[in-house]
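Reviewing the structure listed below.
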Amino acid sequence: MKRMIILIFLLISSMSASSTATSDEIKFEEQDKVIYHEIVGKLLSIAHYDKNEIIVKVAKEFLGTKYVAGTLEIVPEQLSISLQRTDCILFVESCLAMTLQLSNYNKTKEIPTFEEYCDIIRSMRYRNGIVDGYSSRIHYTSEWILQNEKAGILQEYTSKIGNPAPQLFSFMSAHPESYKQLKDNPEETRKIKEVEQRLNRETKIYTISASQIGNYSQEINDGDIICFVSTVKGLDISHVGIAYHDNGKLTFIHASSKAGKVIIEPSSLIEYTKKRHLRLLHII
Numbered sequence: 005m006k007r008m009i010i011l012i013f014l015l016i017s018s019m020s021a022s023s024t025a026t027s028d029e030i031k032f033e034e035q036d037k038v039i040y041h042e043i044v045g046k047l048l049s050i051a052h053y054d055k056n057e058i059i060v061k062v063a064k065e066f067l068g069t070k071y072v073a074g075t076l077e078i079v080p081e082q083l084s085i086s087l088q089r090t091d092c093i094l095f096v097e098s099c100l101a102m103t104l105q106l107s108n109y110n111k112t113k114e115i116p117t118f119e120e121y122c123d124i125i126r127s128m129r130y131r132n133g134i135v136d137g138y139s140s141r142i143h144y145t146s147e148w149i150l151q152n153e154k155a156g157i158l159q160e161y162t163s164k165i166g167n168p169a170p171q172l173f174s175f176m177s178a179h180p181e182s183y184k185q186l187k188d189n190p191e192e193t194r195k196i197k198e199v200e201q202r203l204n205r206e207t208k209i210y211t212i213s214a215s216q217i218g219n220y221s222q223e224i225n226d227g228d229i230i231c232f233v234s235t236v237k238g239l240d241i242s243h244v245g246i247a248y249h250d251n252g253k254l255t256f257i258h259a260s261s262k263a264g265k266v267i268i269e270p271s272s273l274i275e276y277t278k279k280r281h282l283r284l285l286h287i288i
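According to this note's numbering, the residues represented by the sequence shown are 5 to 288, in order.
In structure tokens:
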């Protein structure tokens with residue numbers, strides 16, 4: 005029966021892959037659709053697994069995918085889907101969306117679709133799921149966390165084991181020249197600044213240090229999302245990955261700019277983190 009479902013899924017994918025690759029609302033390439041159907045079709049058989057187990061399986065399917073910084077930076081702003089190339093947050097977001105679809109398939113037995121995947125990405129990436137210019141996209145990972153906590157997708161547990169950490173949000177509005185969408189665009193910069201001011205009022209952040217990781221390694225499960233706190237003034241998170249125990253060693257899977265692709269990090273989480281601080285998320 006499972007084999008028959010997978011065959012039907014692949015048939016649907018081959019039919020849908022011939023459709024138009026771009027629209028007014030979504031930008032993608034046909035190969036993105038093919039990759040989506042290959043991964044989700046292959047993993048339908050593990051849809052009954054725990055979500056943390058599923059996301060690790062999904063993440064491994066992306067190993068070797070090319071790292072490209074600024075993958076989403078297109079003008080004018082529109083929902084962009086990229087599975088052939090990725091950056092760190094896009095990688096985690098893609099894995100999380102597929103995990104949610106597979107978990108839902110286990111309950112409903114309704115075959116996941118690429119269109120539904122796009123809808124999930126939109127709901128996670130844009131404020132209230134609405135695409136309305138560059139400032140409507142969630143740029144600070146802290147806000148991405150808050151929105152997905154509110155949606156019942158994620159839960160940050162650093163507050164249970166970490167310490168309060170001061171954090172001000174200001175980098176983007178203070179450096180508009182670093183963003184082509186903000187450069188010479190004071191109105192869009194103003195909107196970004198309003199977001200930063202709201203986050204400064206509403207966000208309370210906890211972190212754990214590298215020296216604490218060993219004490220709490222039992223709390224970090226495979227599939228948890230690891231956020232590396234930035235040391236840049238006004239910026240909250242510099243990198244993200246998916247926790248993974250590799251032959252007993254706690255490390256993570258991530259889109260590495262250094263390696264130029266998605267990898268299982270060869271260093272342990274403690275070695276990689278060094279003097280940085282972490283925030284930790286669990287999939288609900």
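Glycine residues also receive a C-beta, built at the ideal position from the N, C-alpha and C atoms.
So what does DSSP say about R202, is it helix, strand or coil? Position 198 of the sequence shown, counting from 1, holds the residue named residue 202. R202 falls in the helix class under three-state DSSP.
With a 10 Å radius around its C-beta and 16 neighbouring C-beta atoms as the bar for buried, classify I78 as buried or exposed. The residue you call residue 78 lines up with position 74 of the sequence shown. The residue is exposed, with fewer than 16 neighbouring Cβ atoms inside 10 Å.
What does DSSP give as the partner residues of Q222 in its beta bridges? Your numbering for residue 222 matches position 218 in the sequence shown. Answer is none; Q222 lacks a bridge partner.
Is the CB of H286 under 8 Å away from at least one CB in chain B? Reference to chain B is not applicable here, since this structure consists of a single protein chain.
Report the rounded CA-to-CA distance for E97 versus Y121, giving the unit in angstroms. Within the sequence shown, the letter at position 93 stands for residue 97. Within the sequence shown, the letter at position 117 stands for residue 121. It is roughly 11 Å from the alpha-carbon of E97 to the alpha-carbon of Y121.
Length at least 4, wholly inside the segment 49-106: the alpha helix (DSSP H) runs in chain order: 55-65
Less than 8 Å separating the beta-carbons of F66 and V244? Against the sequence shown, residue 66 aligns to sequence position 62. Against the sequence shown, residue 244 aligns to sequence position 240. Against a cut-off of 8 Å, the Cβ pair of V244 and F66 comes out as no contact.
If you pair each beta-carbon of the segment 98-111 with each one of the segment 172-191, do three or more pairs fall below 8 Å? no
Within 8 Å, do at least three Cβ pairs link the segment 254-266 to the segment 184-195? no
Per DSSP, the bridge partner or partners of Y248: Looking up residue 248 in the sequence shown gives position 244. Beta-bridge pairing links Y248 to T255.
Distance CB(D91)-CB(A259) smaller than 8 Å: Indexing the sequence shown from 1 puts residue 91 at position 87. Indexing the sequence shown from 1 puts residue 259 at position 255. For D91 and A259, yes; Cβs fall inside 8 Å.
In angstroms, rounded to a whole number, what distance separates the CA positions of A214 and H281? Indexing the sequence shown from 1 puts residue 214 at position 210. Indexing the sequence shown from 1 puts residue 281 at position 277. Near 6 Å, if we compare the C-alpha coordinates of H281 and A214.
Would you please state the rounded distance, in angstroms, between the beta carbons of L4 and I287? I believe it to be under 8 Å. Nothing can be reported for residue 4: it is not among the residues displayed for the chain, which extend from 5 to 288.
Can you tell me the Cα-Cα spacing of G227 and R202, whole angstroms? To locate residue 227, count along the sequence shown from 1; it is residue 223. To locate residue 202, count along the sequence shown from 1; it is residue 198. Near 30 Å, if we compare the C-alpha coordinates of R202 and G227.
Can you tell me whether D240 is buried or exposed? The criterion is at least 16 other CB atoms within 10 Å of its CB, across all chains shown. For the purposes of this step, residue 240 is taken as residue 236 along the sequence shown, with counting starting at 1. A residue is called buried once 16 or more other Cβ atoms fall within 10 Å of its Cβ, and D240 is buried on that count.
Taking Y210 as the reference, which of N225, Q222, I224, V233 has the closest Cα? On the sequence shown, position 206 is the one that residue 210 refers to. If we check each option's Cα against that of Y210, V233 comes out closest.
Three-state secondary structure (DSSP) of S280: Residue 280 sits at position 276 when you count from the first residue of the sequence shown. In the sequence as displayed, the identity of residue 280 is Arg instead of Ser. DSSP, reduced to helix, strand and coil, places R280 outside both helices and strands of the structure shown, so it counts as coil.
Assuming L284 and I230 are in contact, meaning their beta carbons sit under 8 Å apart, how far apart are those beta carbons, in whole angstroms? The residue labelled residue 284 in the question sits at position 280 within the sequence shown. The residue labelled residue 230 in the question sits at position 226 within the sequence shown. Yes, L284 and I230 are in contact; Cβ-Cβ is about 6 Å, under 8 Å.
Return the residue from the list T235, H143, S182 that minimises the CA-CA distance to A169. In the sequence shown, the residue the question calls residue 169 occupies position 165. For A169, the nearest C-alpha among the options comes from T235.
Own chain partners of S163 with C-beta closer than 6 Å, once the 5 adjacent residues on each side are dropped: The residue labelled residue 163 in the question sits at position 159 within the sequence shown. Around S163: Y210.
Between the Cα of I30 and those of I125, G74, G218, spot the shortest distance and give me the residue it belongs to. The residue you call residue 30 lines up with position 26 of the sequence shown. For the residues I125, G74, G218, the minimum Cα distance to I30 belongs to I125.
Closest Cα partner of H41 within the set G74, P80, Q105, V72: What you label residue 41 is simply residue 37 of the sequence shown in a count that begins at 1. H41 has its Cα closest to that of Q105, out of G74, P80, Q105, V72.
Please report the distance separating the alpha-carbon of G166 from that of E34. Here the question's residue 166 lines up with position 162 in the sequence shown. Here the question's residue 34 lines up with position 30 in the sequence shown. Cα to Cα, the separation comes out at about 44 Å.
For S139 and E198, I'd like the C-alpha separation in whole angstroms. Against the sequence shown, residue 139 aligns to sequence position 135. Against the sequence shown, residue 198 aligns to sequence position 194. Looking at the two C-alpha atoms, the distance is approximately 10 Å.
Under the DSSP definition of a beta bridge, which residues are partnered with V44? Looking up residue 44 in the sequence shown gives position 40. Paired residue(s): none; V44 is not in a bridge.
Taking I59 as the reference, give the member of V44, E147, K187, T69 with the closest Cα. Residue numbering aside, residue 59 sits at position 55 when the sequence shown is read from its first letter. Nearest C-alpha to I59: V44.
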